[in-house]
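These notes are about the structure you will find just below.
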Amino acid sequence: QVQLVESGGGLVQPGGSLRLSCVASGSIISFATMGWYRQAPGKQRELVAEINTGGSANYADSVKGRFAISRDGARIAMYLQMNSLRPEDTAVYYCKLLTTWGYAYWGQGTQVTVSS
Numbered sequence: 031q032v033q034l035v036e037s038g039g040g041l042v043q044p045g046g047s048l049r050l051s052c053v054a055s056g057s058i059i060s061f062a063t064m065g066w067y068r069q070a071p072g073k074q075r076e077l078v079a080e081i082n083t084g085g086s087a088n089y090a091d092s093v094k095g096r097f098a099i100s101r102d103g104a105r106i107a108m109y110l111q112m113n114s115l116r117p118e119d120t121a122v123y124y125c126k127l128l129t130t131w132g133y134a135y136w137g138q139g140t141q142v143t144v145s146s
C-alpha cells in the first residue's frame, strides 16, 4: 500500500508564495514520474508540473517562471515552490506518483487559495 501525503497549502495574498510538499510512504522504492496537478471549481484537473527520476521537469505554460518543482534525493518526495501567486492559481493541488509499471497513486489534495 502506498500513500501520498501533501502539505503546505493555505491562504495567501496575490503575489505571495507557498511551498507544497508530497511525501510517499509504504511499499514503494522507485517511480517513473511525480507530478502536481490542480483542480479549480467547475474545471477539469490539469497538470501543473512533473519531474522524472533524472530530475527533468516540465511545466504548464501558465506557471512557467513562477513555480519550481523539485524532488528529494534521499526519499520519495517532491516539492512545489510557488511564487508570484495569482487568484487564478486557486485550486486543490494533488500529488501524483506514476510507477514504472504504469500505475498512478494520488494524494488527497491540499487547498491553495490566492485572495486579498
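Under the numbering used here, the first residue of the sequence shown is numbered 31, with each subsequent residue one higher. Don't be surprised by glycine CBs; every beta carbon is placed ideally from N, CA and C. All figures in this text were calculated on a predicted structure; none of them were measured in a lab.
Residues near residue i in its chain [Cβ-Cβ closer than 6 Å; skip 5 each side]
| i | result |
| --- | --- |
| Gln43 | Ser146 |
| Val35 | Val53 |
| Thr143 | Leu41 and Thr120 |
| Gln33 | Ser55 and Gly56 |
Candidates the options: closest to residue i by CA position
| i | options | result |
| --- | --- | --- |
| Lys73 | Ala121, Asn82, Leu50 and Met112 | Ala121 |
| Phe61 | Leu127, Gln33, Gly38 and Val144 | Leu127 |
| Arg105 | Thr130, Tyr124 and Val53 | Val53 |
| Tyr133 | Ile58, Tyr123 and Ser92 | Ile58 |
| Tyr124 | Pro117, Asn113 and Trp136 | Trp136 |
| Gln111 | Arg49, Lys94 and Gly39 | Arg49 |
Beta-carbon proximity of residue i to residue j, cut-off 8 Å
| i | j | result |
| --- | --- | --- |
| Gly65 | Gln31 | no |
| Phe97 | Tyr89 | yes |
| Arg180 | Gly85 | In this structure the chain extends from 31 to 146, so residue 180 is not present and cannot be described. |
Those residues which DSSP pairs with residue i across a bridge
| i | result |
| --- | --- |
| Arg49 | Gln111 |
| Arg101 | Met108 |
Residues near residue i by beta carbon distance below 7 Å, same chain, minus five either side
| i | result |
| --- | --- |
| Leu77 | Gly65, Tyr67 and Ala90 |
| Ser114 | Gly45 and Arg96 |
| Thr63 | Glu80, Ile81, Asn82 and Leu128 |
For residue j and residue i, believed in contact at Cβ under 8 Å, the rounded distance
| i | j | result |
| --- | --- | --- |
| Ser51 | Ser37 | 5 Å |
| Ile99 | Ala87 | 5 Å |
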